[in-house]
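Shown next, in structure tokens, is the structure this report addresses.
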Amino acid sequence: MTIAPTQPERVAPARSWFLGALYAGNARTVVSRGILATRSTNYLVVLSGFFEPIFYLVSLGFGLNALVGPVHTSTGQLVPYAAFIAPALLAVSAMNGAIYDSTWNVFFKMNYSKLYQGMLSTSLGPLDVALGEISLALLRGGAYAIGFMIVMQVLGLNLAWTAIFALPAVLLIAFGFGSLGMAVTSYLKTFQQMDWINFVLLPMFLFSATFYPITVYPAAIQWVVQALPLWHGVELVRGLTTGDLSVAMLGHVAYYLVMVIVGVIFTTTRLKALFLD
Amino acid sequence: MPAPVITATSLTKKYKEFAAVDGISFEVAAGESFGLLGPNGAGKSTTMRMVGAVSTRTSGDLSVLGLDPNHFGPEIRSQLGVVPQADNLDQELRVRDNLIVYGRYFGIPLRQISKKADELLEFAQLSDRAKSKVDDLSGGMKRRLTIARALVNDPKILLLDEPTTGLDPQARHVLWDRLFRLKEQGTTLLLTTHYMDEAEQLCDRLVVVDKGTIMAEGSPAELIRTHSSREVLEVRFGSERNAVVAERIAGAGDRIEVLPDRILIYSANGEAELVKLTEAGLDPITSLVRRSSLEDVFLRLTGRSLIE
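Protein sequences appear in the order of chains A and B.
When you number the first sequence by our numbering, it's gap-free, plus one each residue, and the end is 292.
When you number the second sequence by our numbering, it's gap-free, plus one each residue, and the end is 1523.
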């Protein structure tokens, strides 16, 4: 048989004056590929990551609640202990989802399955791949967070109507972590190096005003914590779910915007260097 | 001759000080089947990657479909089909989905690519494996799927990097047949190989590349004519006697080559050379007269010692 050429509907790659050969405006096909792949292979693995913060909430939130009693938030509001840690865990669940996808999964695709090599021999550019893969991490982080939000609502831990804005906030958090996670992963070559990611994430999870106010630390340590991304996420989400809004929240949003931009730029540059040398 | 679709002039790629491709020039005409023949590490794959607009040249000029790959990567890649040396199929997707998703990367609408995917599965003789996992396919099937995938965008040029390396004879012949059909339909093929029979089967014209430079260029027949004789007489006298006999018959044929296990006599008439040998009282243990092949050309140009 012959393969009849089907020319007419060929779509010429979009070309922007600014991004040139980096971007073909087709990142969505990378996202749909990811959804299709997840659906057919590992949705159980995806599901497992959702429960981790739930377990923390149930064990610590309710277990320690009786011992600890109400806690002051950073703006001085007094809230029940479970309602204090729940928004922090919400931010953590968004982070977890985004990090799983953008670190281990990306590491495998980059070094073993040669997926990006295949993608970049089509008309896709490195920015399409970066945005597509980061969006996938964002979707996973978002899905975890939405599930967690529902649990919070059911348990009565959303104290104010502004909690609804925690949804876009966690998407932004997932976007930030997904984009930085992929950028960092693109520099890592071995499994040993990948373990460093956990080495950074675990203390950040424990010390970012997650389980108690940041004021327990001396000033110097507070600065370190405030330099790390999770603290900004925790504060942002906590302000929204407790209804205690402050101007500082704009700063937290700005922190994540910068994180997204830096991550996307580094990832794109790195993909170009690795696969279009 | 139609206008060239690929023009390389003094094309060079350096990694630090090492020149993987060292100033090679060639042209490929539309509809032509052009081969890069050479040992491992000769710079074939690097050349392919530059033509495929996934590697930037260090110096020289390159034009693919009239465009410069340094500036028009996506535009060029959208008109190429690429079959890399190692299969990089999407292991997380089923066979048919591999084609659909790949087509989507080119921005081809879903409706159109679905139809195309079925045609290509039939072409690759994989219609009954549409729902299989990629991992469950044999090596030959994976290769055919990779070729089918390279055709989703109706490429003007198909780049094949060692398309049949590692396949069994049956699988190779099936693959050659498919590639030959593409060639008949007018697809331009650029392929690398280190198999001489493959080059003779598929290439209208080829260059022999070694250490990043072109050693010879022409059609398989031309190359044999220029760099070898019409026939080759292979005689064996046993490992001990080969060298001794070789001295006595120096000057036989156009050229002789002494190998550890046998002596090759290049000549227009192999039978006549054999008669001369027996008349001189030298009776070889075994003798074989055969047509000269590209392999003789290749080994003459690139040497017999193992190059790593």
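For every residue, glycine included, the Cβ atom is placed at its ideal position computed from N, Cα and C.
None of the values given here were measured: they were computed from a predicted structure.
Are residue i and residue j closer than 9 Å when you measure CB to CB?
i	j	result
Leu1159(B)	Gly1238(B)	An answer regarding residue 1159(B) cannot be provided, because it is not within the stretch 1216 to 1523 covered by chain B.
Gly196(A)	Gly278(A)	yes
Gln1300(B)	Asp1376(B)	yes
Gly193(A)	Leu135(A)	no
Leu186(A)	Ala224(A)	no
Ile1372(B)	Ser1240(B)	no
Gly8(A)	Ala175(A)	Nothing can be reported for residue 8(A): it is not among the residues displayed for chain A, which extend from 16 to 292.
Ser1270(B)	Lys1228(B)	yes
Leu1405(B)	Ile1221(B)	yes
Ser63(A)	Val121(A)	no
Val1447(B)	Ala1458(B)	no
Gln286(A)	Val199(A)	According to the sequence as given, residue 286(A) is Leu; it is not Gln. Their beta carbons are not under 9 Å apart, which means Leu286(A) does not touch Val199(A) by this criterion.
Leu1438(B)	Val1512(B)	yes
Ala1223(B)	Gly1296(B)	no
Ala1363(B)	Leu1314(B)	yes
Ala189(A)	Val252(A)	no
Ile114(A)	Phe226(A)	no
Ser1528(B)	Tyr1481(B)	Because chain B is modelled from 1216 through 1523, residue 1528(B) falls outside the range shown and cannot be assessed.
Asp1333(B)	Tyr1317(B)	no
Thr44(A)	Pro141(A)	no
Pro1370(B)	Glu1413(B)	no
Pro244(A)	Met274(A)	yes
Arg1359(B)	Ala1345(B)	no
Return the chain-ordered list of same chain residues with a C-beta closer than 7 Å to the C-beta of residue i, the five sequence neighbours on each side being excluded.
i	result
Asn173(A)	Met167 and Thr256
Pro23(A)	Any reading at Pro23(A) must be qualified, since the residue scores a pLDDT of 41, below 50, and its modelled position is unreliable; the value itself is stated next. Same-chain partners within the cutoff: there are none.
Ser1293(B)	Phe1321 and Asn1368
Ala158(A)	Gly112
Phe222(A)	Val240
Glu1486(B)	Val1504
His1442(B)	Ala1431, Val1512, Arg1515 and Leu1516
Val26(A)	Caution is warranted here: a pLDDT of 48 is assigned to Val26(A), below 50, making its placement in the model unreliable, and the coordinate value is therefore given only provisionally. Excluding residues within five positions, none has a Cβ falling inside 7 Å.
Lys1348(B)	Arg1309
In the DSSP output, what is residue i paired with across the bridge?
i	result
Ala1234(B)	Lys1229(B)
Lys1348(B)	Arg1309(B)
Gly1296(B)	Leu1373(B)
Thr1402(B)	DSSP lists no partner for Thr1402(B).
Val1424(B)	Ile1429(B)
Leu146(A)	In the DSSP output, where bridge partners are listed per residue, Leu146(A) has none listed.
Ser247(A)	This sequence places His at residue 247(A); Ser is not what is there. In the DSSP output, where bridge partners are listed per residue, His247(A) has none listed.
Asp1451(B)	Correcting the residue identity first, residue 1451(B) is Arg in this sequence and not Asp. Bridge partners of Arg1451(B): Thr1501(B).
Tell me which same chain residues have a C-beta within less than 6 Å of the C-beta of residue i, skipping the five on either side of it?
i	result
Lys1426(B)	none
Pro1384(B)	none
Ala1268(B)	Pro1284, Gly1288, Ile1291 and Arg1292
Leu146(A)	Ala42
Thr1517(B)	Pro1254 and Asp1425
Met16(A)	Note on Met16(A): pLDDT 48, under 50, position unreliable in the model; the coordinate value appears next. Within the same chain, Met16(A) has no close Cβ partners at all.
Pro183(A)	none
Excluding the five sequence neighbours on either side, which residues of its own chain have a C-beta within less than 8 Å of the C-beta of residue i, listed in chain order?
i	result
Thr90(A)	Gly254, Asp259 and Ser261
Ile1478(B)	Glu1449, Val1450, Arg1451, Phe1452, Asn1457, Val1460, Ala1461, Ile1464, Ile1471 and Glu1472
Leu37(A)	Gly140, Pro141, Leu142, Thr283 and Lys287
Phe77(A)	Ala97
Leu291(A)	Leu135 and Pro141
Pro1435(B)	Ala1414, Glu1415, Cys1418, Leu1421 and Leu1509
Asp1476(B)	Arg1451, Ser1454 and Asn1457
Can we count residue i as close to the ligand ATP, meaning its CB is less than 8 Å from some heavy atom?
i	result
Arg1344(B)	The ligand ATP is absent from the structure shown, which contains no ligands of any kind.
Handout entry: Interface residues of the stretch 112 to 140 of chain A facing chain B [CB-CB below 8 Å]
Key = Under the 8 Å Cβ criterion, the stretch 112 to 140 of chain A contributes Ser128, Lys129, Leu130, Gln132, Gly133, Met134, Leu135, Ser136, Thr137, Ser138, Leu139 and Gly140.
Practice task
Could you please tell me which residues of the stretch 1327 to 1351 of chain B, in chain order, have their CB closer than 8 Å to any CB of chain A?
Solution key: Of all residues in the stretch 1327 to 1351 of chain B, only Gln1327, Lys1330, Lys1331, Glu1334, Leu1335, Glu1337 and Phe1338 come within less than 8 Å of chain A when Cβ atoms are compared, listed by chain position.
Practice task
Kindly confirm or deny that the stretch 1252 to 1259 of chain B and the stretch 1405 to 1423 of chain B touch, where touching means at least three C-beta pairs closer than 8 Å.
Solution key: Output reads yes: the stretch 1405 to 1423 of chain B touches the stretch 1252 to 1259 of chain B.
Exercise for the section: Tell me, please, whether the stretch 67 to 77 of chain A touches the stretch 103 to 110 of chain A by the rule of three or more beta-carbon pairs shorter than 8 Å. Expected result: At 8 Å Cβ cutoff, the stretches touch.
Practice task
Pair every Cβ in the stretch 83 to 96 of chain A with every Cβ in the stretch 35 to 54 of chain A, then say whether three or more of these pairs are closer than 8 Å.
Solution key: Three or more beta-carbon pairs separated by less than 8 Å are not found between the stretch 83 to 96 of chain A and the stretch 35 to 54 of chain A, which leaves the two stretches without contact.
Practice task
Mind the definition here: the stretch 1385 to 1398 of chain B touches the stretch 1355 to 1364 of chain B only if three or more C-beta pairs lie below 8 Å; say whether that holds.
Solution key: In this structure the stretch 1385 to 1398 of chain B touches the stretch 1355 to 1364 of chain B; the number of beta carbon pairs closer than 8 Å is three or more.
Handout entry: Interface residues of the stretch 1276 to 1291 of chain B facing chain A [CB-CB below 8 Å]
Key = Interface annotation for the stretch 1276 to 1291 of chain B against chain A: His1286, Phe1287, Gly1288, Pro1289 and Glu1290, criterion Cβ-Cβ distance under 8 Å.
Practice task
Mind the definition here: the stretch 207 to 226 of chain A touches the stretch 125 to 132 of chain A only if three or more C-beta pairs lie below 8 Å; say whether that holds.
Solution key: The stretch 207 to 226 of chain A makes no contact with the stretch 125 to 132 of chain A; the number of CB pairs closer than 8 Å stays below 3.
Problem - Short-range partners of chain A found in the stretch 1233 to 1261 of chain B, where Cβ spacing is below 8 Å - result: Per Cβ criterion, the list is empty.
Practice task
Can you give me, in chain order, the residues of the stretch 1303 to 1329 of chain B that have a beta carbon less than 8 Å from any beta carbon in chain A?
Solution key: So the list reads Asn1303, Leu1304, Asp1305, Gln1306, Glu1307, Leu1308, Arg1309, Asp1312, Val1316, Tyr1317, Arg1319, Tyr1320, Phe1321, Gly1322, Ile1323, Pro1324 and Gln1327, given in the order they occur along the chain.
Handout entry: the stretch 145 to 163 of chain A: positions lying closer than 8 Å to chain B by Cβ
Key = So the list is empty, because no residue satisfies the distance condition.
Exercise for the section: Check each residue of the stretch 1261 to 1273 of chain B: if its Cβ is closer than 9 Å to any Cβ of chain A, include it; give the result in chain order. Expected result: Listed in sequence order: Arg1264, Gly1267, Ala1268, Val1269, Ser1270 and Thr1271.
Exercise for the section: Closer than 9 Å, Cβ to Cβ, to anything on chain A: give me those residues from the stretch 1483 to 1512 of chain B, in chain order. Expected result: Under the 9 Å Cβ criterion, the stretch 1483 to 1512 of chain B contributes no residue.
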